[in-house]
Every structure is written in structure tokens, then in C-alpha cells.
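Only one structure is covered here, and it is reproduced in the block below.
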Ligand SMILES: [Zn+2]
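Numbering (the numbering used here), first residue to last: 86 to 425.
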């Protein structure tokens, strides 16, 4: 889920065969629900394996609490994998959900640029990854139909239908995974803090003494497109900088960043709304409905352009990040108005 390697890992993980499932840890009561296996190594493919040192059932149990808590939160509102391969290592600079074998691959403690985060921030990261698994479960029934539609209007040099669908949907995947983390933690900045409150984020100069006070102006994120701290703030649902109109897209090619204004909007008007905020399952399901409707509209619009689904038309559709957010926000309003 992290800002640097997640997109690559997420795409990579669907094509690389992961080592066959093998239970390393036997934690009473955690298999088969919520986990089908508990392993203490993560296979990144290409010979890269992350080995854990001291993961025990106590630490795994914290992860199980997150997974079971989200399952309980969703109730019957959305499908989710009831049993999932769980791989936990002690420290790593990323976390990912692997749809190819329905696995959560997470560190107990996130480490970015040699700065270890307090594990207290990790549950938001795990919740984000489990959020991916929920949307993946939904899309398993919708995706074949979408791929068939795309295939009919796909120009030769534009990639496979699955690649086009990935391009159209990946920013919604990150959006939804963050929504699950925010609903679960009830904190709009849970994911942002999971990333931002890391040493190098608050203190790029590298010395903790430079930024002892995190609220100090010089330690605040800057508006530079390459600044990872700014990408972290785009995950903060309550950060006013993300409001549509004033938001300056940081890195539109980053799927985690693209729908920042939609994050701000959905939190302000729905997820934090005192009248409905306790209906987490329905809020999550309605978010899925809005995503499905918006992706549907986007596919239809591209395929009806002269030339059909080709590179230029995809670029036209996905290139204007302000418009993408405006349209999705309109879709969110229409869908939530109907549901609540
Ligand atoms: Zn993610």
C-alpha cells in the first residue's frame, strides 16, 4: 500500500507465482478463520524473499483482529474473502494484497527509508490491504463482463482488456481500500498517519533533531510533485488541501494520489455525517456502487469515442485529474442520495 512500490507490487503480484502456501505458524483459533494459512515469509517473486525474524501468534493475532473487525463491520453488505492467506514479516517497506492467491502480505512494522514506524500505526495499513481484497471479491463477478465489453472496442496496440481495465480501475481500488481503513479506524487520517508519521516523511533531512516538533512549519509537507510527504497527505480524508478546486494534483500517475478530492468529499458529506456514520457496512457498499457506476460510465465514454479504446482516447479520458474527480464526486452524490 505504500506510496513507492505498491502499484508495481500490486500489478506484479498478479502475474508472479507465489510460493505454495505453507503454514509456518500454528496459532490456535486463527485457522481456518480468518486465515487459511499463516506464514512468516513474503515471496516477492524474482527470487526476492523477505524472511521474518520474530513473528509470533500474539502479533498475528493483532492482524486477525483487524480482519475479523472489518468482516464484522461489513456484515452482509459486501462479499469478502472469509479465509485468507496471511503472511507477516517483522519489518518491510511495503504491504500488499495479492489477488492471485488471495493473500495479505504485511509487515508488523512499516519501515520507510530506514525509519521504523511505531506498530501502533500498522492496523490502518493492514485494513487498507484487506480493503483491496473486499473490492477484489466484488470485481470477480463484474470484471469478466467489463473485459468482454472492452475487448469489442479495443484497438490493436492498446494492451489486453485486463490491462485497460486495470488502468481504469486502479485508482478506485486505492480509494476504496483507504475508505475501508478509515471506516474501520474511524479516523480520516489513519492511512496518512501510517505513512506520514514516519521519520523521513516528517524529516527529509534525515536527522530527527531537525524536526522534533512535527507540527512545526518547516516540517510540514511541501507542494512538490516528487515529495512523498505530499502524496501521504493526499491520503488524509480531512486535509483541506485536498478539496476539489484548491487541490493541486501531486502525481496523477500515482493511483494512491489521484482521487484525493473524492476522499475529502466522501468523508465530509458521508463518512463523517453523524446521521449515517454508524452504518459502516452500508457506507462501504454504497461506495462500491458509486465506483461501479463511475467505472461503467468511463468505459462507455471511451468506447464510444471515434477510434474506440485506443491509447489517445484513454489518455484523454484519464488525463484530466480534476475532471475525473468532479465526475466521481457527482457519482458519489447521486449514489449516496439514493441509498440514504
Ligand atoms: Zn493499496
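Built from N, CA and C at the ideal position, the CB exists for glycine as well.
Treat the numbers as computed from the prediction; the structure is a model and nothing was measured.
If you run the structure through DSSP and keep just helix, strand and coil, what is residue i?
i: residue 113; result: coil
i: residue 200; result: strand
i: residue 122; result: strand
i: residue 140; result: coil
i: residue 339; result: coil
i: residue 153; result: helix
i: residue 243; result: coil
i: residue 279; result: helix
i: residue 411; result: helix
i: residue 321; result: coil
i: residue 165; result: coil
i: residue 390; result: coil
i: residue 106; result: At residue 106, the pLDDT of 45 sits below 50, so the modelled position is not reliable; the number obtained from the coordinates is stated separately. Three-state DSSP puts residue 106 in coil, outside helix and strand.
i: residue 383; result: helix
i: residue 421; result: helix
i: residue 374; result: helix
i: residue 285; result: At residue 285 the pLDDT is 47, less than 50, meaning the model places this residue with poor confidence and gives no usable figure here.
i: residue 307; result: Note that residue 307 scores a pLDDT of 46, beneath 50, so its modelled location is shaky; the value from the coordinates is reported in the next line. Three-state result, residue 307: coil.
i: residue 148; result: helix
If the criterion is Cβ atoms closer than 8 Å, does the pair residue i and residue j meet it?
i: residue 253; j: residue 384; result: yes
i: residue 257; j: residue 394; result: no
i: residue 255; j: residue 340; result: yes
i: residue 273; j: residue 321; result: yes
i: residue 173; j: residue 268; result: no
i: residue 249; j: residue 165; result: no
i: residue 214; j: residue 177; result: no
i: residue 212; j: residue 151; result: yes
i: residue 200; j: residue 144; result: no
i: residue 154; j: residue 171; result: no
i: residue 142; j: residue 189; result: no
Starting from residue i and walking both ways along the alpha helix (DSSP H), at which residues does that stretch end?
i: residue 130; result: Residue 130 -> not in any alpha helix (DSSP H); beta strand (DSSP E) instead, spanning 126-130.
i: residue 248; result: 246-270
i: residue 328; result: Here residue 328 belongs to no alpha helix (DSSP H), and DSSP marks it neither H nor E.
i: residue 364; result: Run containing residue 364: none; DSSP gives neither H nor E here.
i: residue 135; result: Taken as a continuous stretch (DSSP letters only), residue 135 belongs to no alpha helix (DSSP H), being part of the beta strand (DSSP E) at 133-136.
i: residue 208; result: 207-237
i: residue 349; result: 345-351
i: residue 399; result: 396-404
Quick check on the burial criterion: 16 or more other C-beta atoms within 10 angstroms. Buried or exposed for residue i?
i: residue 205; result: exposed
i: residue 125; result: buried
i: residue 359; result: exposed
i: residue 260; result: buried
i: residue 365; result: buried
i: residue 363; result: exposed
i: residue 122; result: buried
i: residue 278; result: buried
i: residue 324; result: buried
i: residue 140; result: buried
i: residue 202; result: buried
i: residue 392; result: exposed
i: residue 369; result: buried
i: residue 327; result: buried
i: residue 238; result: buried
i: residue 331; result: exposed
i: residue 127; result: buried
i: residue 146; result: exposed
i: residue 134; result: exposed
i: residue 208; result: buried
i: residue 216; result: buried
i: residue 319; result: buried
Assuming residue i is part of the beta strand (DSSP E), what are its boundary residues?
i: residue 183; result: 181-183
i: residue 195; result: 188-197
i: residue 170; result: 169-177
Spatial neighbours of residue i within its chain, please: CB distance less than 6 Å, with the 5 preceding and 5 following residues excluded, ordered by chain position.
i: residue 414; result: 347 and 350
i: residue 329; result: 346 and 410
i: residue 361; result: 425
i: residue 379; result: 413 and 416
i: residue 115; result: 149
i: residue 113; result: none
Please go through the same chain and pick out, in chain order, the residues whose beta-carbon is closer than 7 Å to the beta-carbon of residue i, but skip the five residues on each side of it.
i: residue 423; result: none
i: residue 210; result: 86, 180, 191, 195 and 279
i: residue 232; result: 246, 247 and 250
To which residues of the same chain is residue i closer than 8 Å at the C-beta, ignoring the five residues directly before and after it?
i: residue 344; result: 256, 257, 259, 260, 409, 410 and 413
i: residue 156; result: 119, 165 and 167
i: residue 367; result: 162, 361, 424 and 425
i: residue 356; result: 264, 267, 268, 273, 322, 362 and 368
i: residue 160; result: 366
Output yes if chain B places a C-beta closer than 8 Å to the C-beta of residue i; else output no.
i: residue 231; result: This model lacks chain B altogether, as it is built from one protein chain only.
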